[in-house]
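Notes follow the structure.
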Amino acid sequence: MAESKYGKYIVTKPKANIVAPPWAPQGPIPGRLAYIDKEVVDGAFYMECVWLMPGMRPPADLPSEKRGPRAHTHDYDEILGFFGSDMKDMYDLGGEA
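Take any residue in the sequence shown, note its place counting from 1, add 21, and you have its number in my numbering.
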């Protein structure tokens, strides 16, 4: 990540050398997408994001207001993640965020 005011908070690759538990899924699903802790970002809390199975799409006729959460705020920190849908390169968004 390029040096910037907030660049130290942007993680573009998973933490290296994480030992997977014996029950971790095997196969074509990429598995771990993101992993953050205080070793990755100084002072960060633990957060992990994994793909366990292909996602399901909502019905095409479902109104847009029912497809996800509405705009809202929190009184605590929040982590935002962006991942592509190409299982061979989940970090390629196919666009810009």
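From the three backbone atoms N, C-alpha and C, an ideal C-beta is built for every residue, glycine too. Since this is a predicted model, take the numbers as computed values, not measurements.
Taking the beta strand (DSSP E) that residue i belongs to, which residues open and close that run?
i, result
"residue 68", "68–71"
"residue 56", "53–57"
How long is the line joining the alpha carbons of residue i and residue j, rounded to whole angstroms?
i, j, result
"residue 107", "residue 92", "27 Å"
"residue 69", "residue 56", "4 Å"
"residue 87", "residue 67", "30 Å"
"residue 80", "residue 72", "21 Å"
"residue 58", "residue 65", "5 Å"
"residue 31", "residue 82", "36 Å"
Secondary structure at residue i, three-state DSSP: helix, strand or coil?
i, result
"residue 30", "helix"
"residue 85", "helix"
Please report the Cβ distance between residue i and residue j, rounded to the nearest whole angstrom; I am assuming they are in contact, meaning their Cβ atoms lie under 8 Å.
i, j, result
"residue 102", "residue 114", "Incorrect: roughly 11 Å between the Cβ atoms, too far for contact."
"residue 61", "residue 36", "5 Å"
With a cut-off of 8 Å, does the C-beta of residue i fall near any C-beta of chain B?
i, result
"residue 94", "Here chain B cannot be found, since the structure has a single protein chain."
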